[in-house]
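For reference, the structure is listed below as structure tokens.
There are 2 protein chains.
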Amino acid sequence: MTARIIDFLNSRRPDGPCLVVDLDVVRENYLAFAHALPDTRVFYAVKANPAPEVLALLASLGSNFDCASVAEIDMALAAGATPDRISFGNTIKKERDVAAAFARGINLYAVDCEAEVDKVARAAPGTRVFCRILCDGAGAEWPLSRKFGCEPEMAVGVLEHAHRSGLRAYGVSFHVGSQQANTEAWDGALASAAGIFHTLAERGIQLSMVNLGGGFPTRYLKEIPGVENYASSIDSALKRHFGNRIPETIIEPGRGMVGNAGIIKTEVVLISKKSDSADDLRWVYLDIGKFGGLAETMDESIRYPIRTAHDHDEKTPCVLAGPTCDSADVLYEKAPYHLPVSLSIGDEVLIEGTGAYTTTYSAVAFNGFKPLEAYVI
Amino acid sequence: MTARIIDFLNSRRPDGPCLVVDLDVVRENYLAFAHALPDTRVFYAVKANPAPEVLALLASLGSNFDCASVAEIDMALAAGATPDRISFGNTIKKERDVAAAFARGINLYAVDCEAEVDKVARAAPGTRVFCRILCDGAGAEWPLSRKFGCEPEMAVGVLEHAHRSGLRAYGVSFHVGSQQANTEAWDGALASAAGIFHTLAERGIQLSMVNLGGGFPTRYLKEIPGVENYASSIDSALKRHFGNRIPETIIEPGRGMVGNAGIIKTEVVLISKKSDSADDLRWVYLDIGKFGGLAETMDESIRYPIRTAHDHDEKTPCVLAGPTCDSADVLYEKAPYHLPVSLSIGDEVLIEGTGAYTTTYSAVAFNGFKPLEAYVI
Numbered sequence: 000m001t002a003r004i005i006d007f008l009n010s011r012r013p014d015g016p017c018l019v020v021d022l023d024v025v026r027e028n029y030l031a032f033a034h035a036l037p038d039t040r041v042f043y044a045v046k047a048n049p050a051p052e053v054l055a056l057l058a059s060l061g062s063n064f065d066c067a068s069v070a071e072i073d074m075a076l077a078a079g080a081t082p083d084r085i086s087f088g089n090t091i092k093k094e095r096d097v098a099a100a101f102a103r104g105i106n107l108y109a110v111d112c113e114a115e116v117d118k119v120a121r122a123a124p125g126t127r128v129f130c131r132i133l134c135d136g137a138g139a140e141w142p143l144s145r146k147f148g149c150e151p152e153m154a155v156g157v158l159e160h161a162h163r164s165g166l167r168a169y170g171v172s173f174h175v176g177s178q179q180a181n182t183e184a185w186d187g188a189l190a191s192a193a194g195i196f197h198t199l200a201e202r203g204i205q206l207s208m209v210n211l212g213g214g215f216p217t218r219y220l221k222e223i224p225g226v227e228n229y230a231s232s233i234d235s236a237l238k239r240h241f242g243n244r245i246p247e248t249i250i251e252p253g254r255g256m257v258g259n260a261g262i263i264k265t266e267v268v269l270i271s272k273k274s275d276s277a278d279d280l281r282w283v284y285l286d287i288g289k290f291g292g293l294a295e296t297m298d299e300s301i302r303y304p305i306r307t308a309h310d311h312d313e314k315t316p317c318v319l320a321g322p323t324c325d326s327a328d329v330l331y332e333k334a335p336y337h338l339p340v341s342l343s344i345g346d347e348v349l350i351e352g353t354g355a356y357t358t359t360y361s362a363v364a365f366n367g368f369k370p371l372e373a374y375v376i
Numbered sequence: 000m001t002a003r004i005i006d007f008l009n010s011r012r013p014d015g016p017c018l019v020v021d022l023d024v025v026r027e028n029y030l031a032f033a034h035a036l037p038d039t040r041v042f043y044a045v046k047a048n049p050a051p052e053v054l055a056l057l058a059s060l061g062s063n064f065d066c067a068s069v070a071e072i073d074m075a076l077a078a079g080a081t082p083d084r085i086s087f088g089n090t091i092k093k094e095r096d097v098a099a100a101f102a103r104g105i106n107l108y109a110v111d112c113e114a115e116v117d118k119v120a121r122a123a124p125g126t127r128v129f130c131r132i133l134c135d136g137a138g139a140e141w142p143l144s145r146k147f148g149c150e151p152e153m154a155v156g157v158l159e160h161a162h163r164s165g166l167r168a169y170g171v172s173f174h175v176g177s178q179q180a181n182t183e184a185w186d187g188a189l190a191s192a193a194g195i196f197h198t199l200a201e202r203g204i205q206l207s208m209v210n211l212g213g214g215f216p217t218r219y220l221k222e223i224p225g226v227e228n229y230a231s232s233i234d235s236a237l238k239r240h241f242g243n244r245i246p247e248t249i250i251e252p253g254r255g256m257v258g259n260a261g262i263i264k265t266e267v268v269l270i271s272k273k274s275d276s277a278d279d280l281r282w283v284y285l286d287i288g289k290f291g292g293l294a295e296t297m298d299e300s301i302r303y304p305i306r307t308a309h310d311h312d313e314k315t316p317c318v319l320a321g322p323t324c325d326s327a328d329v330l331y332e333k334a335p336y337h338l339p340v341s342l343s344i345g346d347e348v349l350i351e352g353t354g355a356y357t358t359t360y361s362a363v364a365f366n367g368f369k370p371l372e373a374y375v376i
């Protein structure tokens, strides 16, 4: 919650749900990462929030960019990043998209299997690839499946294949799980990465880089460790596993860069009960839900802080739901949300920590509702 | 799968994932409903697929429209429906949206609590309201939460309140759950509806209409009962519970109207394994996933039929996933999908039964990917 956002909402009074992002907070976050990890290059995960103003600010501050698609690469270029500051970090790429990235000068690609190496070797010959390895993600709030990465043993073969295919086997990446509260989570993956460096060195292939991925949390309801805690823990783990041959490192913060920079303004559309029974829960319906930008409430994974003008009043548990005619559009029900008894239909509600993974998740027109509006200030 | 869709895909060869909807199938579906339930008015659930061509066809055939928002009301009007053929069927409406609907001449509104009645009474005085009641949804594939509707006992009070507020207490609605395979599912809810009619009649309020909702399935992998089976079961239940005072009835098919009219064309982007172990599952990544239109694979609820050019070959279980950098973008993993061993990167894959609840669910730009393109032929 920043004074600039409150001022904006009070003066502009936008109609309908909207996200407001404060660039000052993004700047602070970037500088905190750069300060805490001075030897690590920051690749902002564009997918978290690709607003042109956010990308332009980060480009001007010296950030690099982790892009998931050619469209994101074009956004990063348009924001002022040069191709050497852009990684095509999606392990699932069409070969024609690799070719399009290569034509734009992109020289760093993620892979996690030999078939993906083959695409890069054909469509972006001579470029650098890093292999993503699986990581158990324990301690993370937004669960990571086994979708990306391969077992570390297999990564050796993938990188060797890249080397034989004329690519530069550049490094190893992993992701410890989004909204990772455990500062030690990087240790196990760094041990695996060091093992891969070692095995490949014995085969004459010198890797250069470890991509430490994202996972840096933003503050929702619980306190989180500061960036400097992550930095010192990662620094120790690097020394522990790589000794005096510390590799080049990069990080890919997304949520940690923009999450706390944004607030969604929403409105109470309806408050009701399902029966006349006195102990029945209230249902509070907002004008934004799972399909309007709050997709990360899926399985009630991310629990956002919610502010109302009545927060000094007594609070009772509520089911919180979105406005669409989809019965799955319920935000919190298994763990009801405590909201003030004096909350009324028409009241404004602020949802904090919504700068990441909201606007772009929003459905194009479900139920005829417009996608989430965003204002970057 | 229709010859027209196959011809379209073969001649137009659209790039990227797309939905193709065959209007001939929509026409057949509408006529099947109209034929099987001659005394019931059809209100097409616009949210299922609001393509202007679909709405215009249904308007020309005489369909009515169940709308979830003012934007959907405007689409139905633009397609040629008059206001008396439109219901504002969302129980969660902003008062200013009720006013906007009233200004357009809409005379039928859904409610499920007194607060919603108050909004309609203020913003759309004198109009007709029906009260939605809860229904357990047993037998449905797409689960219904308790989000919409109230207990039948409470509905009596809600409708009485509407009557006292100068509205016309018009009827009762319920929804037996989407993709409902049990033709008898309407019986219990009709018993509750008849009880509400009876109680209110004793208090001098004559209800007129039962809104039987949607729930009519489309064919995915399992055989489903024909519309005529639902019709005869509903007819028996109406007679059983209402005797010789059968009310006016309406239905709100969405999936049942357009689901089998559409096919999504997608492409295999990557096939890989996570380890060198021989019994490791293949992962098949498509260029469409949960955020590109296949939101109903959430919790693996809806299992779409998938066609490839290799379906005569041996099949083995695969994890099926989408193209985004979101680890939750996995379509089928808990119950892996059997796909041909000869399936290759770049192959076209057709996903059947995707005419409903796909285009509008698609994310506006997640990972920079465009929303699902649609062609209505």
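Protein chains in written order, with numbering that gives the first Met the number 0: chain Z, 0 to 376; chain L, 0 to 376.
For every residue, glycine included, the Cβ atom is placed at its ideal position computed from N, Cα and C.
Measure the alpha-carbon distance for residue i versus residue j and round it to whole angstroms.
i	j	result
Z:L338	L:T90	21 Å
Z:S361	L:L237	41 Å
L:N259	L:F7	17 Å
L:P224	L:T182	8 Å
L:P51	Z:A98	37 Å
Z:N63	Z:G88	12 Å
L:L22	L:V363	25 Å
Z:C149	Z:V157	9 Å
Z:D111	Z:C130	5 Å
Z:A67	Z:L76	14 Å
L:I263	Z:A2	47 Å
L:A200	L:L206	7 Å
Z:H311	Z:E347	15 Å
Z:E247	Z:L211	10 Å
L:A109	L:L30	26 Å
L:A180	L:L349	24 Å
L:K92	L:G352	30 Å
L:S326	L:L56	39 Å
Z:S390	L:V375	Residue 390 of chain Z is absent from the model: chain Z starts at 0 and stops at 376.
Kindly identify the DSSP beta-bridge partner or partners of residue i.
i	result
Z:W282	Z:S271, Z:V318
L:R131	L:S172
Z:E266	Z:E347
Z:P335	Note: Z:P335 sits in no beta bridge, so no partner.
L:V209	L:V171, L:T248
Z:I389	No information on residue 389 of chain Z is available, as it lies outside the stretch 0 to 376 that chain Z covers here.
Buried or exposed for residue i, please, with buried defined as at least 16 other CB atoms from any protein chain shown within 10 angstroms of its CB.
i	result
L:A80	buried
L:Q178	buried
L:R84	buried
Z:R163	exposed
L:A184	buried
Z:I301	buried
Z:S172	buried
L:M0	exposed
L:D65	buried
L:P151	buried
L:E159	buried
Z:L18	buried
Tell me which residues share the same chain as residue i and place their Cβ nearer than 7 Å to its Cβ, disregarding the 5 neighbours each side in the sequence.
i	result
L:G165	A120, P124, G125
Z:E286	Before going on, a small fix: residue 286 of chain Z reads as Asp here, not Glu. Closer than 7 Å at Cβ, skipping near neighbours: G15, P16, T265, E266, V268, P322.
L:E299	Y331, K333, A334
L:R40	N63, I249
Z:N366	T323, C324
Z:P49	E71, M74, T359
In its own chain, which residues sit with a C-beta less than 6 Å from the C-beta of residue i, not counting the 5 before and 5 after it?
i	result
L:A35	V226, E227, A230
L:D186	A236
L:R26	none
L:N28	M256
Say whether the stretch 274-291 of chain L touches the stretch 315-332 of chain L, bearing in mind that this needs 3 or more beta-carbon pairs closer than 8 Å, one atom from each stretch. yes
Are the stretch 346-356 of chain L and the stretch 253-273 of chain L in contact at 8 Å, needing three or more beta carbon pairs? yes
Does the stretch 156-173 of chain Z come into contact with the stretch 340-352 of chain L, if we say contact requires no fewer than three beta-carbon pairs (one atom in each stretch) closer than 8 Å? no
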